[in-house]
Amino acid sequence: MRPLPQWVLLSCWLLLIGLLGYYVQRELVVGADLRLFLPAPTTRQQELLLEEVGRGPASRLLLIKIEGSDQLTLARISQSLTAILQDKQQFRFIANGDIGLADLPEILLSYRYLLSPTFDTRHMDADFLATELRRRLRDLASPAAILIEQLVQKDPTLETLRLAQLWQPAQEPQRIYDVWFSQRGDAVLLLAETAAAGFDPGAQQAAMEAIERAFRQARGAIAAHMTVTGAGAFSVMMKDRTERDAMLIGIVDSVAMVLLLIVAYRSARSVVLGILPLLSGGIAGLAAVGGYYGDVHGITLAFGFTLIGVAQDYPIHLLSHQHRGVTPLDTARKIWPTLATGVASTCIAYLAFLVSGVTGLAQLAVFAITGLAVAGVTTRVLLPRMMSTDARDCGDSAWLERLWNELADFPRPGWLTSAAVLASIAVIELAPQPLWENDLGALTPVPQDVLQVDAQLRSELGAPDMRYLLVVSGASAEEVLQRCEALAPRLDTLVTQGALSSFTHPAQFLPTVATQERRRGALPKPQQLREALAQAINGTAFRPGVFEPFVADVERARNLHPLTPHVLAGTPLGPRVESLLSERNGGWTGLIPLGGVHDSETLAALAANADSDIVLLDLKVASEELVAHQRQRILATLGVAALLLAVVVGMALRSVPRALRVLRPMALTTLLVVAVLHGTGSALNLFHIIALVLAAGLGLDYALFFEHAADDPLEQRRTLHAVIVCSLATFAVFAMLAVSSLPVLRGIGVTVTLGVLGNFFLALILTRPHTRRR
Amino acid sequence: MTRPIIGGTCFALITIAASAWSRGAIDPTAAALVARLARPAPAVTQFVEVRFSSLLATPLVTSGQLRYLGPDRLERSVEGPFCEVTTIQGDGVTVAREGEPHVRLSLSRVPVLQAMLSSIGALLAGDSSSLERHFVTTLHGNNSRWQLVLTPADPRVRTTLTEIQVDGSHDEPRCFTLREPDGDASVIVIGDAVPHDLPEPLDRASLDTLCQEGP
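Order-wise, the sequence lines are chains A and B.
For the first sequence, position 262 matches number 262 in this note's numbering, and the numbering has no gaps at all.
Heads up, this note's numbering is the position in the second sequence plus 774, with the first residue counted as 1.
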């Protein structure tokens, strides 16, 4: 061999891969927008769900509990945590229950008589003022007089305080030392709304880290303990756990794989070569997706790397068939038709994903097709030029010969196929649980104790339910606000009746222009107000004329233009309102998060009776419908893919019976795996489907090679060696996943492990060529 | 740029100097006096508080009992013209008013309230070191008619509270007068100094006389 060209070739190849890798690293954005993976919505509920998935306030909410010290210390930690997080970009708002009167900005202060509902039911007249002034006298006689004295002159009815209270959650926890405490009084409670959506684990992670840092800073040397729950906290927690598990398994797998390759080929060079195709394919696939779409979804990556796992088998076939006396290029040329049939049929089958109408699946197709094609080409073009010519002959092994001869005696029961099909169908039909799992949450279940803490915090803080949400639509912000204002009293009645425990609506922060104008119109003229004040002051200790600043503020309010979302946007209240009221596609949408929903039917009836612009969104039902809808689509796509595959295999083998022999083990294995999974109590989900597709791809390769094995017994043994190494490698990798504690990883692992077993043995039984006994 | 730094440094020096001076040059009788004022807990005394405010045409009068329940616990119970109980325990204040939910405040967040309430507590406990933490103290007068002036050490507190003047005779404090920068003031008369009838006319001068000379 000429060593120089070999190393030049390898260097060029690695350089190319390196450049592609650099491009991927630089350009590829990994997105987490679930909508990429969901089909176009067909109902209004699904449409709202997809919008809500992106920006719902309930999913952005983090609930924080700090305990482990005395009340005063905890209150102080709560205050400094809030102060630190207040200015952080990651949060729309952070609340600890403290009503900071001093913090109310001037613009909202001047609007207080337009925003507060106090004078909706009574007039700002002498009677009302007299009652309020008597209360203020008591305040002035208390030790806190020194604090409110200045406010009283401007705001004798303490409208500022009422507004601040109005903006607190509807159902509040108890306040101790100005901040929220749990019912038992042993923990401070806080709420934080993140700027990022709840499903965005990256941004949520950053928010969680900011909270952690702030907590460590606020706590100092005190041994207090913090718990954070909420959708974002869960997604970070589950992502961490999944990554930790996947990382651990990945390391163990890599070691196992290298050991296996060393045992199988007894050469370090073979180990390196064995890794090249999958590596090249993976990076090329990423570059293709990046170049075509600009970004790639995290799920595409996860599924994509699972699917192109088939490519790990390509170099193994080449290495196992190489033996002394032929050049590696000849070996590659010899196995290429079989290998190419596998690569091509799998790639063509994935073409079906391209036209599925779901962007995420199309990405998956681009990734998998590019990856497999490049891995195939690497195996055909690069590897033969890098291999050593004097490799040991894998077929030249006594135990393989024994095994092959014993296998020849294996029965080939003709009834097996029909029996297995019947048994599988019976198991699938008889299993008690539904065949499909629609609850996406079941994939990454949050531990029960964490859920309990979340439920308890949610009820104590009056935080909205994750499941129900009223959505109000309208042509303008004003129209939406009007509908919310009209709906609020009816919801109040339902709260009294116990159908739900709390709700928040946008008009609570920003009343309609009509309401603001009505309130403005009801404010007394300066002279009128002065007379009423004089009457109210009469007989009290207050000095006449002392409330002129108040008169001036009311007069200013009488000349204000009503507050609109646009004006509000620049104030601290802006983000709160934006998360509940926003403009979209030319229309406006208002969200009413509901807390403690006990009777969803009454709420649905309320929405149905109101008008078509108010919808009760049940996130659970809507998402399950969407998942079912998505699955139907994927299954239909896979059906088309299976047909394409059969046609390609048939064309490549130019014989229907041969094609059937190749396809039978794979089809039967798929059915058997489904039966075993279902019979043992699993409901199937998208991850199972993807894993089944991988298993089928592996099975196709096994069967193709068995089917193709020539009459030469050495060549047959080489094929057997290759398939054994392939299936052992896959088995080892996925058996590790199968023992993971996480259902997602376990689902994939169990499915592929079963699939490899089924495909290996069924290919042996059903596809193995007839051997002459010797 | 450097100005605030220089200003801040000067200020810090002045503060340090002031406290050093007050510690070094404190009239030994001030500390001795405070120690003499100590009452064994629990001690109960009646009080009348008269509040002068620019908002008010006539001063606001409340009366009730002050209960000293230990070094860290003081209760101010208003009995007229309405009912209200303020409990100060450690760093926390609870205000209970009839017909309204309890309000709990953290004293460290309201430094002026902390200074005000801790001064009374420290005097009742005879704890001059606690007093010196919050105030610069000066003592005038003689044993039968003394005047202890407490100036808040914290400049933030001084923006709302100028000084607290305590008038007394022998071992008995008679009055606490709280002066604010805007001219408003509260006079709290305690113990045997509380008169059956408040002086007429009820103004700062007549109360001064009451505090200095007794009923």
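Cβ atoms here follow ideal geometry from the backbone N, Cα and C, with glycine treated the same way.
Quantities reported herein were computed from a predicted structural model and do not represent experimental measurements.
Beta carbon proximity, Leu74 (chain A) to chain B, threshold 8 Å: Position 74 of the first sequence holds residue 74 (chain A). Using a CB distance cut-off of 8 Å, Leu74 (chain A) does not count as an interface residue toward chain B.
Member of B:Leu843, B:Phe909, B:Ile894 and B:Arg930 whose CA lies at the smallest distance from the CA of Pro143 (chain A): Within the first sequence, the letter at position 143 stands for residue 143 (chain A). Closest by alpha carbon: B:Ile894.
Distance, Met208 (chain A) Cα to Val453 (chain A) Cα: Translated into the one-based positions of the first sequence, residue 453 (chain A) becomes position 453. Translated into the one-based positions of the first sequence, residue 208 (chain A) becomes position 208. Straight-line Cα distance between these residues: approximately 17 Å.
Opening and closing residue of the beta strand (DSSP E) in which Asn916 (chain B) lies: In the second sequence, the residue the question calls residue 916 (chain B) occupies position 142. Phe909 to Asn916 is the span of the beta strand (DSSP E), which, as asked, contains Asn916 (chain B).
Rounded distance between the beta-carbons of Pro506 (chain A) and Leu481 (chain A), thought under 8 Å: One-based indexing of the first sequence puts residue 481 (chain A) at position 481. One-based indexing of the first sequence puts residue 506 (chain A) at position 506. Contact flag correct, Cβ pair sits at about 6 Å.
Beta carbon proximity, Arg932 (chain B) to chain C, threshold 8 Å: This model lacks chain C altogether; the protein chains it does include are A and B.
Residues bridged to Arg162 (chain A) [DSSP beta-bridge criterion]: Within the first sequence, the letter at position 162 stands for residue 162 (chain A). Answer is none; Arg162 (chain A) lacks a bridge partner.
Within chain A, the residues that Val963 (chain B) reaches when beta carbons sit closer than 9 Å: Position 189 of the second sequence, counting from 1, holds the residue named residue 963 (chain B). Neighbours of Val963 (chain B) on chain A: none; closest Cβ ~15 Å, over 9 Å.
Under 8 Å from the C-beta of Ala831 (chain B): neighbouring residues of chain A: Taking the first residue of the second sequence as position 1, residue 831 (chain B) is located at position 57. Under the 8 Å cutoff, chain A gives Ala541, Phe542, Arg543 and Pro544.
In chain order, each beta strand (DSSP E) run of at least 3 residues that lies wholly inside the stretch 610-694 of chain A: Counting whole runs of 3 or more residues, the stretch 610-694 of chain A contains the beta strand (DSSP E) stretches 614-618.
Beta carbon proximity, Pro143 (chain A) to chain B, threshold 8 Å: Against the first sequence, residue 143 (chain A) aligns to sequence position 143. Cβ-Cβ to chain B under 8 Å: yes for Pro143 (chain A).
Alpha helix (DSSP H) segments (min. 4 residues) lying fully within the stretch 289-375 of chain A: DSSP assignment within the stretch 289-375 of chain A yields the following whole alpha helix (DSSP H) runs of 4 residues or more, N-terminal first: 298-307, 313-321 and 328-354.
Host alpha helix (DSSP H) of Lys239 (chain A) (start-end): The sequence position of residue 239 (chain A) within the first sequence is 239, counting from 1. Per DSSP, the unbroken alpha helix (DSSP H) holding Lys239 (chain A) starts and ends at Ala231 to Tyr265.
Assigned exposure category for Glu106 (chain A) - 16 Cβ within 10 Å defines buried: Residue mapping note: residue 106 (chain A) aligns to position 106 of the first sequence, counting from 1. Under the 10 Å beta carbon count, Glu106 (chain A) is surrounded by fewer than 16 other beta carbons and is classified as exposed.
Pro947 (chain B) (DSSP reduced to helix, strand or coil): For the purposes of this step, residue 947 (chain B) is identified with residue 173 of the second sequence, where counting begins at 1. Pro947 (chain B) sits in a strand when the DSSP states are folded into three classes.
Any non-hydrogen atom of the ligand ADP within 7 Å of His708 (chain A) CB: Among the ligands in the structure shown, none appear at all, so the ligand ADP cannot be discussed.
Residues sharing a beta bridge with Asp941 (chain B), DSSP: Against the second sequence, residue 941 (chain B) aligns to sequence position 167. Asp941 (chain B) is bridged to B:Gln921 and B:Cys949.
Chain-ordered neighbours of Glu954 (chain B) on chain A, where CB pairs are closer than 9 Å: One-based indexing of the second sequence puts residue 954 (chain B) at position 180. Ile146 and Glu149, listed in chain order.
Beta-bridge partners of Met226 (chain A), as assigned by DSSP: Position 226 of the first sequence, counted from the first residue, corresponds to residue 226 (chain A). In the DSSP assignment, Met226 (chain A) is bridged to A:Ile66.
CB contact below 8 Å: Val886 (chain B) versus chain A: Residue 886 (chain B) sits at position 112 when you count from the first residue of the second sequence. Proximity of Val886 (chain B) to chain A, defined by a Cβ-Cβ separation below 8 Å, is satisfied.
Through-space distance from Glu27 (chain A) to Phe731 (chain A), alpha-carbon basis: As a first step, residue 731 (chain A) is located in the first sequence; it is residue number 731 there, counting from the start. As a first step, residue 27 (chain A) is located in the first sequence; it is residue number 27 there, counting from the start. Rounded to the nearest angstrom, the two C-alpha atoms are 35 Å apart.
Amino acids of chain A, ordered along the chain, whose beta-carbon sits closer than 8 Å to that of Gly864 (chain B): Residue 864 (chain B) sits at position 90 when you count from the first residue of the second sequence. Here the neighbours are Leu72.
Contact set between Glu853 (chain B) and chain A, taken where Cβ atoms lie within less than 7 Å: The residue labelled residue 853 (chain B) in the question sits at position 79 within the second sequence. The premise fails here: Glu853 (chain B) is roughly 12 Å from chain A at the closest Cβ pair, so nothing lies under 7 Å.
Straight-line Cα distance separating Gly376 (chain A) from Tyr314 (chain A): Position 314 of the first sequence, counted from the start, is the residue given in the question as residue 314 (chain A). Position 376 of the first sequence, counted from the start, is the residue given in the question as residue 376 (chain A). As the crow flies, the alpha-carbon of Tyr314 (chain A) is around 7 Å from that of Gly376 (chain A).
Reduced DSSP secondary structure (H/G/I, E/B, other) of Trp436 (chain A): Residue numbering aside, residue 436 (chain A) sits at position 436 when the first sequence is read from its first letter. Of the three classes helix, strand and coil, the one that applies to Trp436 (chain A) here is strand, per DSSP.
Three-way DSSP call (helix, strand, coil) for Gln174 (chain A) in this model: Position 174 of the first sequence, counting from 1, holds the residue named residue 174 (chain A). Gln174 (chain A) falls in the strand class under three-state DSSP.
Contact under 8 Å by Cβ, His876 (chain B) with Ser918 (chain B): Locating residue 876 (chain B) in the second sequence gives position 102, where the first residue counts as 1. Locating residue 918 (chain B) in the second sequence gives position 144, where the first residue counts as 1. It is not a contact, given that the beta carbons lie outside the stated cut-off.
Any C-beta of chain A under 8 Å from that of Val869 (chain B): The residue you call residue 869 (chain B) lines up with position 95 of the second sequence. True, the Cβ-Cβ gap to chain A drops below 8 Å.
Residue nearest to Gly290 (chain A) in terms of C-alpha spacing, selected from A:Val567, A:Ala233, A:Ile348 and A:Gln363: As a position in the first sequence, residue 290 (chain A) is number 290, starting the count at 1. If we check each option's Cα against that of Gly290 (chain A), A:Gln363 comes out closest.
Residue from A:Met651, A:Ile689 and A:Leu668 with nearest C-alpha to Ala636 (chain A): Working through the first sequence from its first residue, we reach residue 636 (chain A) at position 636. Checking every option, the nearest Cα to that of Ala636 (chain A) belongs to A:Ile689.
C-alpha distance - Leu694 (chain A) paired with Gly749 (chain A), whole-angstrom precision: For this step, residue 694 (chain A) is matched to residue 694 along the first sequence. For this step, residue 749 (chain A) is matched to residue 749 along the first sequence. Roughly 11 Å separates the two Cα atoms.
Ile938 (chain B) to Ala927 (chain B) span [Cα, whole Å]: On the second sequence, position 164 is the one that residue 938 (chain B) refers to. On the second sequence, position 153 is the one that residue 927 (chain B) refers to. Roughly 12 Å separates the two Cα atoms.
Cutoff 7 Å; reference Leu787 (chain B); Cβ partners in own chain excluding five residues on either side: Taking the first residue of the second sequence as 1, we reach residue 787 (chain B) at position 13. In this prediction, Leu787 (chain B) has a pLDDT of 31, which is less than 50 and means its spatial position is unreliable; what the coordinates show is noted afterwards. The answer is none, since no qualifying residue turns up.
Member of B:Leu905, B:Phe821, B:Val869 and B:Ala967 whose CA lies at the smallest distance from the CA of Leu924 (chain B): As a position in the second sequence, residue 924 (chain B) is number 150, starting the count at 1. With distances taken between Cα atoms, Leu924 (chain B) lies closest to B:Leu905.
CA nearest to the CA of Ser682 (chain A), picked from A:Leu451, A:Pro432 and A:Gly587: Translated into the one-based positions of the first sequence, residue 682 (chain A) becomes position 682. When only C-alpha atoms are compared, the closest one is A:Pro432.
Cβ-based neighbour list, Ala475 (chain A), same chain, cut-off 8 Å, excluding 5 preceding and 5 following: Taking the first sequence and counting its residues from 1, one reaches residue 475 (chain A) at position 475. Taking Ala475 (chain A) as the centre and dropping the five residues before and after it, the same chain places the C-beta of Gly587 and Trp588 closer than 8 Å to its C-beta, in chain order.
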